[in-house]
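I have placed the structure first, in the form of structure tokens, so that the comments after it can refer back to it.
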């Protein structure tokens, strides 16, 4: 299935959870936060939250700033 | 306890230093580390960005190693909705309810958008955040942010990164006079005398980044800022002399 990750279109074998997506895309699991379609998914909810075609993921971390 | 020894408490969080640092603008992490250590800061801002952004993520490891608490900001957000989402992501990623709320109106001035800022502050307070809003040097807006439940107010001295110092000291004094929460002078500081001035005006702390990270020698400037904040706080506590129009001899008159 196709999803959007940080504004980029990505292909993912479905069905997949948020946790699966992070692993499959090689993204770090520590120090990051995830929102799906504008809703924050708490870390504890990553394995249970299944993704659907067209979902938009935002994966953020802390960088130098401010 | 003397005025100088009073701890800074922001919404129940005890902050060990009255100089809050930003991490933006440092040439590399080694320079940043030396500057942070020299500043004596215990609370430092970080920004939230997409993980695939070019910027590194080593800053979190650095802050943890130095025992410095993180203050995530919502830099780059232009609307209340964006800022609220960014704050919620920061809370999840960094496990802190502190947020430096920043909602700017445009890239040219980076001035806060007061309407979006107040909207975001209300939403985040309702969601349990300890909100530190970066605001204009507007006493009315500062009062409204406090009434909305913000844990501090952080008026600018001048626009972010300009180093123009405190353009309207009288407004800062009025904000200090009326505030029931800590006032943090945030943005515009260019050099140590301006950080001291902020404290002399009665601010509870100073937040700065560029003045240190882009200084000729960031480590030395960080040390200077630390001394300036201490000196300004001590001078405020001591009470300055009133300004006079005419001279007043400090030596006895001859007869």
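Residue numbers (my numbering), protein chains in the order written: chain G, 1 to 66; chain X, 1001 to 1255. Don't be surprised by glycine CBs; every beta carbon is placed ideally from N, CA and C. Keep in mind that this is a model prediction, so the values were computed, not measured.
Tell me whether residue i is buried or exposed, calling it buried when 16 or more other Cβ atoms sit within 10 Å of its Cβ.
{"i": "residue 1084(X)", "result": "buried"}
{"i": "residue 1241(X)", "result": "exposed"}
{"i": "residue 28(G)", "result": "exposed"}
{"i": "residue 21(G)", "result": "buried"}
{"i": "residue 1250(X)", "result": "exposed"}
{"i": "residue 1194(X)", "result": "buried"}
{"i": "residue 64(G)", "result": "buried"}
{"i": "residue 1147(X)", "result": "exposed"}
{"i": "residue 1061(X)", "result": "exposed"}
{"i": "residue 1100(X)", "result": "buried"}
{"i": "residue 1204(X)", "result": "buried"}
{"i": "residue 1197(X)", "result": "buried"}
{"i": "residue 1142(X)", "result": "buried"}
{"i": "residue 1054(X)", "result": "Only weak support exists for where residue 1054(X) lies, its pLDDT of 46 falling under 50; the value from the coordinates is given anyway. Label assigned to residue 1054(X): exposed."}
{"i": "residue 1179(X)", "result": "buried"}
{"i": "residue 1154(X)", "result": "buried"}
{"i": "residue 1134(X)", "result": "buried"}
{"i": "residue 1001(X)", "result": "exposed"}
{"i": "residue 1102(X)", "result": "buried"}
{"i": "residue 1182(X)", "result": "buried"}
{"i": "residue 14(G)", "result": "exposed"}
{"i": "residue 47(G)", "result": "exposed"}
In the DSSP assignment, the alpha helix (DSSP H) including residue i goes from what residue to what residue?
{"i": "residue 1124(X)", "result": "1114-1126"}
{"i": "residue 1233(X)", "result": "1218-1238"}
{"i": "residue 10(G)", "result": "Careful: residue 10(G) lies outside any alpha helix (DSSP H), inside the beta strand (DSSP E) at 8-11."}
{"i": "residue 35(G)", "result": "Residue 35(G) -> not in any alpha helix (DSSP H); beta strand (DSSP E) instead, spanning 32-36."}
{"i": "residue 1036(X)", "result": "1029-1039"}
{"i": "residue 62(G)", "result": "Premise fails: residue 62(G) lies in the beta strand (DSSP E), 56-64, not in any alpha helix (DSSP H)."}
{"i": "residue 1084(X)", "result": "1080-1094"}
{"i": "residue 1201(X)", "result": "No alpha helix (DSSP H) contains residue 1201(X), which DSSP labels as neither H nor E."}
{"i": "residue 1070(X)", "result": "First-last for residue 1070(X): 1069-1072, but that is the beta strand (DSSP E), not the alpha helix (DSSP H)."}
{"i": "residue 1064(X)", "result": "1058-1066"}
{"i": "residue 1175(X)", "result": "1169-1178"}
{"i": "residue 1143(X)", "result": "1139-1147"}
{"i": "residue 1210(X)", "result": "1210-1213"}
{"i": "residue 22(G)", "result": "18-24"}
Just to make sure I have the definition right: I need the residues of chain X whose C-beta is within less than 7 Å of the C-beta of residue i. Which are they?
{"i": "residue 60(G)", "result": "1048, 1049, 1050, 1051, 1089 and 1093"}
{"i": "residue 28(G)", "result": "1051"}
Which chain G residues are close to residue i, counting only those with a beta carbon under 9 Å from its beta carbon?
{"i": "residue 1085(X)", "result": "35, 38, 39, 40 and 58"}
{"i": "residue 1070(X)", "result": "62"}
Starting from residue i, trace the beta strand (DSSP E) both ways and give me its first and last residue.
{"i": "residue 1159(X)", "result": "Looking at the DSSP string, residue 1159(X) is not in any beta strand (DSSP E), and its letter there is neither H nor E."}
{"i": "residue 1046(X)", "result": "1043-1050"}
{"i": "residue 1021(X)", "result": "1019-1021"}
{"i": "residue 41(G)", "result": "39-41"}
{"i": "residue 1099(X)", "result": "1098-1101"}
{"i": "residue 1132(X)", "result": "1130-1135"}
{"i": "residue 1184(X)", "result": "1184-1186"}
{"i": "residue 4(G)", "result": "2-5"}
{"i": "residue 1008(X)", "result": "1008-1010"}
{"i": "residue 1153(X)", "result": "No beta strand (DSSP E) contains residue 1153(X), which DSSP labels as neither H nor E."}
{"i": "residue 1015(X)", "result": "1013-1015"}
Give me the chain G residues within the contact set of residue i, using Cβ-Cβ distance strictly less than 8 Å, ordered along the chain.
{"i": "residue 1045(X)", "result": "65 and 66"}
Under 7 Å Cβ-Cβ, which residues of chain G neighbour residue i?
{"i": "residue 1075(X)", "result": "65 and 66"}
{"i": "residue 1198(X)", "result": "Within chain G, no residue comes near residue 1198(X); the closest Cβ sits about 17 Å away, beyond 7 Å."}
{"i": "residue 1209(X)", "result": "66"}
{"i": "residue 1100(X)", "result": "66"}
Going along chain X, which residues have a C-beta under 8 Å from residue i?
{"i": "residue 43(G)", "result": "1092"}
Please list, in chain order, the chain X residues whose beta carbon lies closer than 9 Å to that of residue i.
{"i": "residue 51(G)", "result": "Here the premise fails: no neighbours, minimum Cβ distance about 17 Å."}
Stretch-stretch touch, CB-based, cutoff 8 Å, three pairs: the stretch 1006-1013 of chain X with the stretch 1110-1126 of chain X: Judged by Cβ distances under 8 Å, the stretch 1006-1013 of chain X makes no contact with the stretch 1110-1126 of chain X, as fewer than three pairs qualify.
Contact the stretch 1161-1168 of chain X vs the stretch 1180-1188 of chain X: 3+ CB pairs below 8 Å: Three or more beta-carbon pairs drawn from the stretch 1161-1168 of chain X and the stretch 1180-1188 of chain X are found closer than 8 Å, and the two stretches are therefore classed as touching.
Stretch-stretch touch, CB-based, cutoff 8 Å, three pairs: the stretch 1131-1144 of chain X with the stretch 1112-1120 of chain X: The stretch 1131-1144 of chain X is in contact with the stretch 1112-1120 of chain X.
Three CB pairs or more closer than 8 Å across the stretch 1031-1040 of chain X and the stretch 51-60 of chain G: Because the criterion of three Cβ pairs below 8 Å is not met, the stretch 1031-1040 of chain X and the stretch 51-60 of chain G do not touch.
Where the stretch 1003-1026 of chain X meets chain G: residues whose CB sits under 7 Å from a CB there: Cβ contacts with chain G come from 1022, 1023, 1024 and 1026.
Meets three-Cβ-pair contact criterion under 8 Å: the stretch 1084-1094 of chain X and the stretch 30-49 of chain G: With a cut-off of 8 Å, the stretch 30-49 of chain G and the stretch 1084-1094 of chain X count as touching, because enough Cβ pairs lie within range.
Under 7 Å (Cβ pairs) to chain X, residues found in the stretch 3-14 of chain G: Using a CB distance below 7 Å, the part of the stretch 3-14 of chain G facing chain X consists of 6, ordered along the chain.
At least 3 beta-carbon pairs within less than 8 Å: the stretch 1208-1223 of chain X vs the stretch 1242-1250 of chain X: By the Cβ test, the stretch 1208-1223 of chain X is not in contact with the stretch 1242-1250 of chain X, since fewer than three Cβ pairs between them sit closer than 8 Å.
Validate contact between the stretch 1221-1233 of chain X and the stretch 1060-1067 of chain X using beta carbons, cut 8 Å, 3 pairs: At 8 Å Cβ cutoff, the stretches do not touch.
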